[in-house]
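Student: First the structure, then my questions, so here it is.
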Amino acid sequence: MASSIHDLARHLNISIGTVSRALNGRADVNADTRQRVLEAARTLNYSPNQSGRSLRQGATHSIAFMLQPHPGDQQYGEPFFIPFLIGLQARLAESGLDLTVVMGAPGDYQQERLRRVVETRRADAVLLAWTRREDERIDYLTQAGFPFATLGRSRSGTKSYPSLDLDFEKAGADAVDRLVARGHRRIAAVRPSLDLNFGYLFLAGYRKALRRHGIEVDPELIASGFINEAGGYGVTPQVMRSKAPPTAIIFNND
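Next comes the structure, spelled out in structure tokens:
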């Protein structure tokens, strides 16, 4: 078992402060004492407290990724995230950084988890996924001056911040174009049930494309559901029960 700095001080019968200064190569520790401390550290398998060291140095060399599961979903609602996290961790490792995943359901609990990460400096920066139309996480991080980036856009935030996003508006429009080209006129769309911004962008593209083809937007053909397989099965019967059922349905997630 690894020893702590307290174990070293007890073993050498010197103060914790002296041990700490010796381990950090401070000039105010004589050479003999420093040598004794280093030898004892090797003998006792000393392991520094990384949290304490990080606080002193002002860096944790860790990035926090906030992931929110969908209600009742044990697979985080999206198979995309497992390979994404593997790739993200590999890339961070190339820069000597660690990845910390912070789970939190939408709402006050997630906000509290985020606040804890920031106030305790558990990470040097935060990466947010599932950005919402109005996202209080972005507002909080902006006001706190804490480094962050997002997967997805949002209307929140008083300053610009780095983000990565797909063109969901074009995706919605392209889907309509392909279905119209195949003769469909009654086209339904299913957007995420949570207030996720990409759902708004997807629907904006869907509506614009329908109007461009001279097709009236029917509110009965727009439904909301969890963006997973179970959500698809749950919402499809609802759409098909409309007075004039669609001949095609667009899901913004597979």
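For what it's worth, the numbering used here labels the leading residue of the sequence shown as 1, then goes sequentially. By construction, the Cβ of each residue, glycine as well, lies at the ideal position given by its N, Cα and C atoms. None of the values given here were measured: they were computed from a predicted structure.
Name, in chain order, the residues that DSSP records as bridge partners for TYR46.
Tutor: Within the sequence shown, the letter at position 46 stands for residue 46. Per DSSP, SER3.
Student: Please classify PHE65: does DSSP put it in a helix, a strand, or coil?
Tutor: Position 65 of the sequence shown, counted from the first residue, corresponds to residue 65. Three-state result, PHE65: strand.
Student: Evaluate contact between the stretch 231-242 and the stretch 187-195, counting only Cβ atoms and requiring at least three cross-stretch pairs below 8 Å.
Tutor: yes
Student: Quick check on PRO245: does DSSP put it in helix, strand or coil?
Tutor: For the purposes of this step, residue 245 is taken as the residue at position 245 of the sequence shown. Looking at PRO245 - three-state DSSP - the assignment turns out to be coil, as it is neither helix nor strand.
Student: Starting from PHE251, follow its DSSP beta bridges and name the residues at the other end.
Tutor: Here the question's residue 251 lines up with position 251 in the sequence shown. According to DSSP, PHE251 bridges with VAL190.
Student: CA-CA distance, GLY199 and ASP124?
Tutor: In the sequence shown, residue 199 corresponds to position 199, counting from 1. In the sequence shown, residue 124 corresponds to position 124, counting from 1. Cα to Cα, the separation comes out at about 30 Å.
Student: Looking at THR100 and ALA64, is the spacing between their C-beta atoms short of 9 Å?
Tutor: The residue given as residue 64 occupies position 64 in the sequence shown. The residue given as residue 100 occupies position 100 in the sequence shown. Yes; because the gap between Cβ atoms is below 9 Å, this pair is in contact.
Student: Where do the ends of the beta strand (DSSP E) carrying ALA175 lie?
Tutor: To locate residue 175, count along the sequence shown from 1; it is residue 175. Element bounds for ALA175: not the beta strand (DSSP E) but the alpha helix (DSSP H), 168-181.
Student: Could you check the C-alpha separation between ARG185 and GLY231 for me, to the nearest Å?
Tutor: In the sequence shown, residue 185 corresponds to position 185, counting from 1. In the sequence shown, residue 231 corresponds to position 231, counting from 1. Rounded to the nearest angstrom, the two C-alpha atoms are 24 Å apart.
Student: In or out: TYR109 buried (at least 16 other Cβ within 10 Å) or exposed?
Tutor: Counting from one through the sequence shown, the residue named residue 109 turns up at place 109. Exposed, because fewer than 16 other Cβ atoms sit within 10 Å of the Cβ of TYR109.
Student: Less than 7 Å between C-beta atoms, sequence neighbours within five positions excluded: which residues of the same chain meet that for ARG155?
Tutor: As a position in the sequence shown, residue 155 is number 155, starting the count at 1. The beta carbon of ARG155 sits closer than 7 Å to those of ARG133 and GLU134, all from its chain and outside the five residues before and after it, given in chain order.
Student: Which whole-angstrom value is the C-beta distance of SER163 and ARG153, which I expect to be below 8 Å?
Tutor: Numbered from 1 along the sequence shown, position 163 holds the residue referred to as residue 163. Numbered from 1 along the sequence shown, position 153 holds the residue referred to as residue 153. The pair is a contact, with the Cβ atoms about 6 Å apart (cut-off 8 Å).
Student: Taking its Cβ as the centre, do 16 or more other Cβ atoms sit within 10 Å of ALA173, making it buried, or is it exposed?
Tutor: Within the sequence shown, numbered from 1, the residue matching residue 173 stands at position 173. When all chains shown are included, ALA173 counts as buried.
Student: Relative to the C-alpha of LEU97, which candidate in LEU210, GLY107 and THR60 has its C-alpha closest?
Tutor: Sequence index remark: in the sequence shown, residue 97 carries index 97 (1-based). Ranking LEU210, GLY107 and THR60 by Cα distance to LEU97 puts THR60 first.
Student: Evaluate the contact criterion for the stretch 15-22 versus the stretch 30-48: three or more CB pairs, one atom per stretch, below 8 Å.
Tutor: yes
Student: With a 10 Å radius around its C-beta and 16 neighbouring C-beta atoms as the bar for buried, classify GLU169 as buried or exposed.
Tutor: For the purposes of this step, residue 169 is taken as the residue at position 169 of the sequence shown. With 16 or more other Cβ atoms within 10 Å, it is buried.
Student: Of the residues HIS11, PRO106 and ILE86, which one's Cα is nearest the Cα of THR43?
Tutor: Here residue 43 is taken as the residue at index 43 of the sequence shown, counted from 1. Proximity to THR43 across HIS11, PRO106 and ILE86 peaks at HIS11, based on C-alpha coordinates.
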